[in-house]
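So the sequence shown is numbered by the numbering used here: it starts at 1 and just counts up by one.
Glycine residues also receive a C-beta, built at the ideal position from the N, C-alpha and C atoms.
Predicted model only: the values in this text are computed from it and were never measured.
Take a look at the structure set out below.
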Amino acid sequence: MVAAVVMTSKVFVQLDDYGIANQDNLQWTTSRLEVDQLKYLAALQTLSAPDPEQVDHVRRQFDVLYSRATALRNGRVYREVLAQDVSHADLDRIGDLLARMVPLVDTDAATVFQERDRLISLGLEMADPIRSIATRGLAAHAKRSDSERAGLTAKILSMAALSVMMLAALSSLLFLVWRLYRSYRRQAEQSTSTSNRLATILNTSQDAVLVVGPDGRIEDTNARAGDLLELSGDPATPVKLSEFLFYKQADGRLKPLDANVLRETCVDGPVRREDVIVRNFAGREFAAELSADLAKRGQTTICICFVRDISERIAAEAEIASSRDRALAGERAKARFLAMISHEMRTPLNGILGALELLDDTGLTPDQEKFTRIMRSSGQLLLTQITDALDLTQAAARQIVLRPAAFDLDQLLEELVETQQGPAQARGNALRLRRPHSGLGRSIGDRARIYQVLLNLVSNAIKFTKDGEITLDVTRHDPSQSGLDEVEFQVTDTGIGISETDLPKVFDDFMRVQDISGDRPEGTGLGLGIARQLVKLMKGNIGVESELGEGSLFWVRLPLPPATGVVAAPEPSHVPLPPRKKSDRTLNILVVEDNATNRLVLESMLTNDGHKVQLACDGMEGLECAAAEQYDLILMDISMPRLDGRESTRRIRASRGPNSKTPIVALTAHVRAEDRGDLEAAGFDRVETKPLRREALRAVINQTATQGVSSADTTYCVDSTYHTIAFSLASRAD
């Protein structure tokens, strides 16, 4: 725009120059020079006598000619135009002729008259240079005019171009202004919409929104704040934040929340507090959550506070915590109840099954032997159901602790199949084991829990298959393909199968599948549920595929990496029982048992084998007996009145009495793997699970008589299938 203004100014200045007559006009001056030369010659030719008036006329014409030639020679414009042309020589010629005329013209009249012819001759010599200068001056003038016209045209075109550019710029600016107007209008509409939306949100919010000024007074609120705080709504009486917001001190007293302190806290960022107490202007107190942050309103810094009533949430959390505490208390009560039931039910079972074993030595009739077998089978079934219920409770409460160690997987599978051949053959089934020819080798895992899972699956297949086939397939997956060192176990049977409706529930607790014939198999329906819990605990997977009437396939995948280069701990295994014969040596044995029936059964078993037995009805009496006499072996019940077996054993070991080194065997209704460390710390050498079988009792006595219990590291416990399982229990340090 500035360039256009400058260019327009130049055009108008040049136009003004064209409108003014230039005194140094080259064309006019050269033309007048020729005219003045002719007038000078005419004046000389008309000079007829040395008349002073005629001579003065000649002199005046000469002066005009001389002035014209001098002006042409010395004028700035003429010099600029003619100095670059050959006319410069003509000017010099004219100047030379004029210089020769000057002395002749400036003399007296008579001399001028006498020199008239010479002056005419000199004047005529000036004609050609003057004509040449006039011609060249005219050409120079034309050339200069063309140049000026071209310059003016260029300026006019430049001005036009600048005008077009300025018009385009103005159009672009106008378009930009229009776009900005639309953008600003749209932003204004959005801001208005956002403001309205925020106002709606704030007014419908369940949180009280407070705008706190620099002086700590409430400058603005939403509708919820008025309802929650019971504000009067009178703007003439603003309230301070500290009038209704408090927080609890360490001593429990309420202290007003100072707005300045809150602002200083918000300097580092938003603040959130849940220890705020609101006391509204109606006198109601309730717990609240406060969220605050700083904001700018012009040049003023304000504090935006959100206050939420959390009294209902706190009450709900308290109720949840109370419900949780009640649930935990219920779980603990259930665990205590199950432990008590285990003890109370296993104790009479111990008496029943022990008495049945004693009956075998009394010479029973065939009918009596049949009835005792029925009683023994029913008692064992009840024992199995109790054990399953306890295992399920422990798994649900996550009280089962895995103890991974190196073990021989091939040996475990062989023992499992060997122990289940009898039950399988009893139902007319063929039980087979299929595995790689090279074997599976040693693996790292919890052997006892793996055995329990497979035992549940195999025994379940036997239970629901009659006159069929049961196959246990075991393969190790290639870790290069699956990325895991997994072993897959598949238990396939040709039994009754499972319907599609029952398949999703087959691993549920207490789930029992009814036989096609309508028979209801024995059991609690806990075996598969326990297997699922244990597999999950071992980070494995378990599943089932089945066709009703065709059979079932249960599969388990467990991470069991090979035990290459791992030094194995003493491996639990199914060890053969010592021979069923009486010990050659008579032992002096102390039996500490609070149940009279169990004392009677143990006493009868031991005395029938020729041993000397001393009975004690509780831990206190057992301590007295242990302090009075030395025994070869002490059988100690765990749960007893007045003083339990753990504390009794600790005191015996800590004493300097005769039995501080005597082997002590624990008798318990149910022992968990994680309880072994506690029993070992108490001083027990071995753990026997009730009901106590005669074979297990004789094994303990025979080993005590031959080797001494304290040197052994194998603990015999009886499982639900009457097979002795050996658990590792570290020897007591003497």
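Put residue i into one of helix, strand or coil per three-state DSSP.
i: G527; result: helix
i: C625; result: helix
i: L602; result: helix
i: D146; result: helix
i: I444; result: strand
i: P562; result: strand
i: A49; result: coil
i: I304; result: strand
i: T668; result: strand
i: L174; result: helix
i: L282; result: Here residue 282 is Ala; the residue named in the question, Leu, does not match the sequence. Coil at A282, not helix or strand.
i: D740; result: Nothing about residue 740 can be read from this structure; the chain reaches only from 1 to 734.
i: L382; result: helix
i: G439; result: coil
i: D106; result: coil
i: Q23; result: Residue confidence is low: Q23 scores 41 on pLDDT, short of 50, so the model does not pin down where it sits. Its coordinate-derived value is still stated next. Coil, per DSSP.
i: G677; result: helix
i: D644; result: coil
i: F739; result: No answer is possible for residue 739: it lies beyond the span of the chain, which begins at 1 and ends at 734.
i: K39; result: helix
i: D128; result: helix
i: S9; result: helix
i: K155; result: helix
i: G518; result: Low local confidence applies: a pLDDT of 47 at G518 is under 50, so the model's placement there is unreliable, and no value is given.
i: I462; result: helix
i: D609; result: coil
Could you please give me the residues that DSSP links to residue i through a beta bridge?
i: W28; result: None; W28 has no bridge partner.
i: R557; result: E488, N541
i: T649; result: Note: T649 sits in no beta bridge, so no partner.
i: F246; result: P256, I277
i: R297; result: T300
i: K240; result: R217
i: A288; result: V276, D309
i: A405; result: G445
i: S552; result: D493, S546
i: D637; result: L667
i: V211; result: D220, I304
The beta strand (DSSP E) that contains residue i, what's its start and end?
i: T475; result: 469 to 476
i: Q206; result: Note, Q206: premise wrong, no beta strand (DSSP E); not H, not E.
i: E688; result: 686 to 689
i: Q614; result: 612 to 616
i: R432; result: 430 to 434
i: N588; result: 588 to 592
At what residues does the alpha helix (DSSP H) containing residue i begin and finish?
i: R253; result: No alpha helix (DSSP H) holds R253; DSSP gives it neither H nor E.
i: F62; result: 52 to 74
i: P423; result: 409 to 426
i: L122; result: 116 to 125
i: L228; result: 223 to 229
i: V267; result: Neither: V267 is in no alpha helix (DSSP H) and is coded neither H nor E.
i: R217; result: No alpha helix (DSSP H) holds R217; DSSP gives it neither H nor E.
i: L503; result: Note, L503: premise wrong, no alpha helix (DSSP H); not H, not E.
i: I701; result: 694 to 706
Contact check, residue i vs residue j under 8 Å by CB: the rounded distance?
i: C305; j: L210; result: 4 Å
i: V212; j: L241; result: 5 Å
i: G123; j: L44; result: 7 Å
i: T29; j: R68; result: 7 Å
i: L635; j: L587; result: Wrong, their Cβ atoms sit about 11 Å apart, outside the cutoff.
i: R651; j: V665; result: R651 to V665, Cβ: 17 Å. No contact.
Next on the checklist: Below 8 Å, how does it come out for the region 290 to 301 and the region 316 to 334: are there three or more Cβ pairs, yes or no?
Outcome noted: no
Checklist entry - Below 8 Å, can you find three or more Cβ-Cβ pairs linking the region 134 to 149 to the region 109 to 119? => result Contact fails: fewer than three Cβ-Cβ distances are below 8 Å.
Next on the checklist: Assess contact between the region 528 to 539 and the region 436 to 443, defined as three or more Cβ pairs (one per stretch) separated by less than 8 Å. Is contact present?
Outcome noted: By the C-beta criterion, the region 528 to 539 is judged not to be in contact with the region 436 to 443, since fewer than 3 inter-stretch pairs fall below 8 Å.
Checklist entry - Are the region 683 to 701 and the region 620 to 629 touching, with three or more C-beta to C-beta distances below 8 Å? => result no
Item to check | At least three beta-carbon pairs within less than 8 Å, the region 598 to 606 to the region 554 to 561 | outcome: no
Next on the checklist: Count Cβ pairs between the region 164 to 176 and the region 264 to 275 that sit closer than 8 Å; are there 3 or more?
Outcome noted: no
Checklist entry - Do the region 455 to 469 and the region 483 to 500 touch if we need at least three Cβ pairs shorter than 8 Å? => result yes
Checklist entry - Is there contact here, the region 351 to 365 with the region 402 to 412, by at least three beta-carbon pairs under 8 Å? => result no
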